[in-house]
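K.L.:
Provided herewith is a single structure, encoded as structure tokens, for subsequent inquiry.
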Amino acid sequence: MSVDAATSDGSAAEESAGQSPMNTVLNAVSGYWMPVWAILVFGFLYAPIAVLILFSFEQGTFSGFPWDGFTMQWYVQMVNDDRLIQSTLNSLYVGAFVTTGATILGTLGAIALVRGSFRRKGLFRALVIAPMTIPGLILGIALLLWFNMIGFNTSLRTVMLGQLVFVTPFVLITVSARLRGFDPELEEAARDLGASKWQTYRRVTLPILMPGIISGALFAFTLSFDDFLIAFFTSGVENTLPIYIWSKVQHGTDPVINAISAMVLLFSISLIVISELLRQR
Amino acid sequence: MVETHSRTDTILRTILDRVRESNSFLVTGGPILLLEVLFFLAPVAIMFYIATTGMESLAVTLDFTLSNYTAVYTRAANRVAFINTTLIALVTTTTAVVVAYPFAYYIARFGGKYKNVLLVLVMIPFWTNYIVRVYGWQIILGTEGVLNGLLVSLGLISEPIGWLLNTKFSIWLGLTYLWLPFMILPLYTSLEKLDESLIEAAYDLGASRREVFKRIVLPLSIPGLVGGIIFVFIFSMGAYIVPAMIGGGELFVGTRIAYAFGIGSDWPLGAALGSVLMLIVGGVLWSLMGYTDIEEMF
Chain F
1 MSVDAATSDG
11 SAAEESAGQS
21 PMNTVLNAVS
31 GYWMPVWAIL
41 VFGFLYAPIA
51 VLILFSFEQG
61 TFSGFPWDGF
71 TMQWYVQMVN
81 DDRLIQSTLN
91 SLYVGAFVTT
101 GATILGTLGA
111 IALVRGSFRR
121 KGLFRALVIA
131 PMTIPGLILG
141 IALLLWFNMI
151 GFNTSLRTVM
161 LGQLVFVTPF
171 VLITVSARLR
181 GFDPELEEAA
191 RDLGASKWQT
201 YRRVTLPILM
211 PGIISGALFA
221 FTLSFDDFLI
231 AFFTSGVENT
241 LPIYIWSKVQ
251 HGTDPVINAI
261 SAMVLLFSIS
271 LIVISELLRQ
281 R
Chain A
1 MVETHSRTDT
11 ILRTILDRVR
21 ESNSFLVTGG
31 PILLLEVLFF
41 LAPVAIMFYI
51 ATTGMESLAV
61 TLDFTLSNYT
71 AVYTRAANRV
81 AFINTTLIAL
91 VTTTTAVVVA
101 YPFAYYIARF
111 GGKYKNVLLV
121 LVMIPFWTNY
131 IVRVYGWQII
141 LGTEGVLNGL
151 LVSLGLISEP
161 IGWLLNTKFS
171 IWLGLTYLWL
181 PFMILPLYTS
191 LEKLDESLIE
201 AAYDLGASRR
211 EVFKRIVLPL
221 SIPGLVGGII
231 FVFIFSMGAY
241 IVPAMIGGGE
251 LFVGTRIAYA
261 FGIGSDWPLG
271 AALGSVLMLI
281 VGGVLWSLMG
291 YTDIEEMF
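Here it is, written out as structure tokens:
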């Protein structure tokens, strides 16, 4: 069911029959199948999310029909899980560092990429973008081998370094999009009106870039908070939240996982919504 | 107090003046370059190197050998894993194109004032924890899962469908689900830029819908299409969570690699598998990158 298939049917009918009833039917189908398709795709994207949230309130220990009744007990169990709290704190700690580092390095890198004029810019661009296109699994094992070789003990610190590698390019891209959309003449005008370089930077450049930087930072935090593969291979004995969820999932289905999932989803969703509101400002 | 303030101000001013100079690359581009060389290029290079070493009693020995690379092909499990993974990645990419194209086209052209809201609705699953979402599918697809339960209670089937979970089907479904936004977003970006008047002009000049699609919409959406294909194919090739969580025992490259680094404790073999995977990923990027602009995609 591609666009090609649908439109080819329509045009074949047009060519042979002109305004025949057949053509009217086809027009009606081709007029409505896309919104229906869009609704189905949204249903597909949200099905697992909806199921998790729904069953986090179900009484039975098995997540399936029939419905056994409403309960909040999985949320109570979740709040009393010490290892869960600890791994969440670890994730927040790692996320804070990664966000700060990636935002600074990514913003500076974006300035170099958009405003800089230097030889081998193409090579620089490839090198700072490639890490976000490489599967996390490859990066994870490569970092494990590297840390092992240079004698870094794996801990939350190595997780931070590893996450910085693939998170920073996302910030760089977000900020450089903003930087490219902004007219350098604004800066020149400020300079002409007597502003110093520092004043121009603080009063013109930074405020214009700020939405890009903040949305980049929020993306960075989300990516770090959700990362499993880098943390899985480079965290040593310490747990981040995704690793804890993973280990719980390995032991079979447990309604507490539904409750944790619902909270994680709610958290990510609010971050993304804030970020998007800023981006579209 | 005032003095220190003006001093930091002066220092900041000096730094920023340096940033402005054309040879300021070391300040702006330097840090990220250092990061990526030390913790991206070096680790990947080391992976290729470790793949040529041996492992004895849980320690890597530095004797040169190519046996790990040959084991990627000669050992049936690895070979089958690569074949399975490539085929599933190809089918997943095709499915993602077919599902995402009309969807992105519809939002881009007919979304109107709801465009941004609809786009955020696509972004939300894209940026939420993927283990959690794959776990959601585990609940839906199981023999006693939500979907089977629903179908049985509606009387559509008498016995639960067994092949929904832990099969190649569930890997395909899971991967399509996980990477679909990577196809939708770049396609949307391309299609959104498409000038409506070009389409109208083509119709006015007597073009059929098929011709309009083939000669205007499709060619102008190539950057987004190729970008989406790159991401979906690469990430499907390198997937681990989906085959490990809902793939049953199906042989898959990602699970083979994780096994080599885990219970299998054969790091050099794992590194060799990772290296071959990296070559495939690099090859795909190298050959398709020219048709798209990754920076424009998000």
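Protein chains in written order, with the UniProt record's numbering: chain F, 1 to 281; chain A, 1 to 298. Glycine is no exception: its CB is placed at the ideal position from the N, C-alpha and C atoms.
Name, in chain order, the residues that DSSP records as bridge partners for T61 of chain A.
P.N.:
The residue labelled residue 61 of chain A in the question sits at position 61 within the second sequence. Answer is A:G54, bridged to T61 of chain A.
K.L.:
Decide yes or no for the touch test of the segment 236-244 of chain A against the segment 166-177 of chain A: beta carbon pairs closer than 8 Å, at least 3 of them.
P.N.:
Yes: at least three Cβ pairs fall under 8 Å.
K.L.:
Find the residues of chain F that neighbour G270 of chain A, judging by a C-beta separation of less than 7 Å, and give them in chain order.
P.N.:
The count along the second sequence starts at 1 and reaches residue 270 of chain A at position 270. Within 7 Å Cβ-Cβ: I141.
K.L.:
For a test of the three-state rule: what should DSSP assign to E159 of chain A, helix, strand or coil?
P.N.:
Within the second sequence, the letter at position 159 stands for residue 159 of chain A. Here E159 of chain A sits in coil by DSSP.
K.L.:
Straight-line CA distance for I107 of chain A to T86 of chain A?
P.N.:
Taking the second sequence and counting its residues from 1, one reaches residue 107 of chain A at position 107. Taking the second sequence and counting its residues from 1, one reaches residue 86 of chain A at position 86. Taking the straight line joining both Cα atoms gives about 31 Å.
K.L.:
Output the distance between the C-alpha atoms of M278 of chain A and T93 of chain A, rounded to the nearest integer angstrom.
P.N.:
The residue given as residue 278 of chain A occupies position 278 in the second sequence. The residue given as residue 93 of chain A occupies position 93 in the second sequence. Their backbone Cα atoms lie some 18 Å apart in a straight line.
K.L.:
Helix, strand or coil: how does DSSP classify S22 of chain A here?
P.N.:
Walking along the second sequence from the start, residue 22 of chain A turns up at place 22. Confidence is the limiting factor: at S22 of chain A the pLDDT is only 47, short of 50, which leaves the residue's position unreliable, though a coordinate-based value still follows. It is coil, neither helix nor strand.
K.L.:
Would a check of beta-carbon distances place T28 of chain A closer than 8 Å to chain F?
P.N.:
The residue labelled residue 28 of chain A in the question sits at position 28 within the second sequence. Interface residue, yes.
K.L.:
Any contact between the segment 252-265 of chain A and the segment 151-170 of chain F? By contact I mean 3 or more CB pairs, one from each, below 8 Å.
P.N.:
Cβ pair count under 8 Å is below three, so no.
K.L.:
Is it the case that the segment 143-151 of chain A contacts the segment 119-129 of chain A, given that we only count it when at least three CB pairs across the two stretches are under 8 Å?
P.N.:
With a cut-off of 8 Å, the segment 143-151 of chain A and the segment 119-129 of chain A do not count as touching, because too few Cβ pairs lie within range.
K.L.:
Would the segment 169-184 of chain F and the segment 196-215 of chain F be scored as touching if the rule is three or more Cβ pairs under 8 Å?
P.N.:
Yes, the segment 169-184 of chain F touches the segment 196-215 of chain F.
K.L.:
Thinking G248 of chain A and N116 of chain A are a contact (beta carbons under 8 Å), I'd like their distance in whole angstroms, please.
P.N.:
The residue you call residue 248 of chain A lines up with position 248 of the second sequence. The residue you call residue 116 of chain A lines up with position 116 of the second sequence. With a Cβ gap of about 40 Å, G248 of chain A and N116 of chain A do not count as contacting.
K.L.:
Nearest chain A C-beta to M149 of chain F closer than 8 Å, yes or no?
P.N.:
Residue numbering aside, residue 149 of chain F sits at position 149 when the first sequence is read from its first letter. Closer than 8 Å: yes.
K.L.:
Go ahead and pull the three-state DSSP assignment for E238 of chain F.
P.N.:
For the purposes of this step, residue 238 of chain F is identified with residue 238 of the first sequence, where counting begins at 1. E238 of chain F falls in the coil class under three-state DSSP.
K.L.:
Should P268 of chain A and A51 of chain A be called a contact, given that it needs their Cβ atoms to be closer than 8 Å?
P.N.:
Here residue 268 of chain A corresponds to residue number 268 of the second sequence, with the count starting at 1. Here residue 51 of chain A corresponds to residue number 51 of the second sequence, with the count starting at 1. Their beta carbons are under 8 Å apart, which means P268 of chain A touches A51 of chain A by this criterion.
K.L.:
Could you list which residues in chain F have their beta carbon closer than 7 Å to that of A42 of chain A, in chain order?
P.N.:
Translated into the one-based positions of the second sequence, residue 42 of chain A becomes position 42. The answer, in chain order, is W146.
K.L.:
Consult DSSP for F70 of chain F and reduce its assignment to one of helix, strand or coil.
P.N.:
For the purposes of this step, residue 70 of chain F is taken as residue 70 along the first sequence, with counting starting at 1. DSSP places F70 of chain F in strand when its eight states are reduced to three.
K.L.:
Reducing DSSP to helix, strand and coil, say where E144 of chain A ends up.
P.N.:
Here residue 144 of chain A is taken as the residue at index 144 of the second sequence, counted from 1. Three-state DSSP puts E144 of chain A in coil, outside helix and strand.
K.L.:
By Cβ distance, which residues of its chain are closer than 7 Å to E238 of chain F, with the 5 residues on each side in sequence left out?
P.N.:
Taking the first residue of the first sequence as position 1, residue 238 of chain F is located at position 238. Hits under 7 Å: N90, S155, L156.
K.L.:
Excluding five sequence neighbours on each side, which residues of the same chain lie with their C-beta closer than 8 Å to the C-beta of F97 of chain F?
P.N.:
Position 97 of the first sequence, counting from 1, holds the residue named residue 97 of chain F. Answer for F97 of chain F: M160, listed in chain order.
K.L.:
Among residues of its own chain, excluding the 5 on either side of residue 335 of chain A, which ones have a beta-carbon nearer than 7 Å to its beta-carbon?
P.N.:
With chain A covering only 1 through 298, there is no way to say anything about residue 335 of chain A.
K.L.:
Based on DSSP bridge pairs, tell me the residues matched to E58 of chain F.
P.N.:
By one-based count along the first sequence, residue 58 of chain F stands at place 58. Per DSSP, F:F70.
K.L.:
Taking the continuous alpha helix (DSSP H) assigned at N116 of chain A, which residues delimit it?
P.N.:
As a working note, residue 116 of chain A is residue 116 in the second sequence. First-last of the alpha helix (DSSP H) with N116 of chain A: 115-126.
K.L.:
Using a C-beta to C-beta distance shorter than 9 Å, which residues of chain F count as neighbours of L33 of chain A?
P.N.:
Numbered from its first residue, the second sequence carries residue 33 of chain A at position 33. Per Cβ cutoff of 9 Å: G109, A112, F124, L127, V128.
K.L.:
DSSP three-state label for E187 of chain F, please.
P.N.:
Along the first sequence, one-based indexing puts residue 187 of chain F at 187. Note: E187 of chain F maps to helix in three-state DSSP.
K.L.:
Nearest chain F C-beta to P160 of chain A closer than 8 Å, yes or no?
P.N.:
Your numbering for residue 160 of chain A matches position 160 in the second sequence. No, P160 of chain A lies away from the interface with chain F (no Cβ there is under 8 Å from its Cβ).
K.L.:
Determine the closest residue to E144 of chain A out of F:T253, F:S270, F:L241, with distance taken between C-alpha atoms.
P.N.:
Along the second sequence, read from residue 1 onward, the residue named residue 144 of chain A stands at position 144. For the residues F:T253, F:S270, F:L241, the minimum Cα distance to E144 of chain A belongs to F:T253.
K.L.:
Quick one, are the C-beta atoms of residue 353 of chain A and V249 of chain F less than 8 Å apart?
P.N.:
Here chain A comprises residues numbered 1 to 298, so residue 353 of chain A is not present and cannot be evaluated.
K.L.:
Any beta carbon of chain A sitting closer than 8 Å to that of F118 of chain F?
P.N.:
Within the first sequence, residue 118 of chain F is the residue found at index 118, counting from 1. Closer than 8 Å: yes.
K.L.:
Would a check of beta-carbon distances place E188 of chain F closer than 8 Å to chain A?
P.N.:
To locate residue 188 of chain F, count along the first sequence from 1; it is residue 188. No, its Cβ sits nowhere closer than 8 Å to a Cβ of chain A.
K.L.:
Using the C-alpha atoms, what's the distance from E58 of chain F back to residue 334 of chain A?
P.N.:
This structure cannot settle anything about residue 334 of chain A, because the visible part of chain A is limited to 1 through 298.
K.L.:
Consult DSSP for A177 of chain F and reduce its assignment to one of helix, strand or coil.
P.N.:
Here the question's residue 177 of chain F lines up with position 177 in the first sequence. Helix, per DSSP.
K.L.:
With the cut-off set at 8 Å, would you say L164 of chain F and G236 of chain F are in Cβ contact?
P.N.:
The sequence position of residue 164 of chain F within the first sequence is 164, counting from 1. The sequence position of residue 236 of chain F within the first sequence is 236, counting from 1. Not a contact, by the Cβ cut-off of 8 Å.
K.L.:
Using a beta-carbon distance below 8 Å, is residue 299 of chain A in contact with chain F?
P.N.:
Because chain A is modelled from 1 through 298, residue 299 of chain A falls outside the range shown and cannot be assessed.
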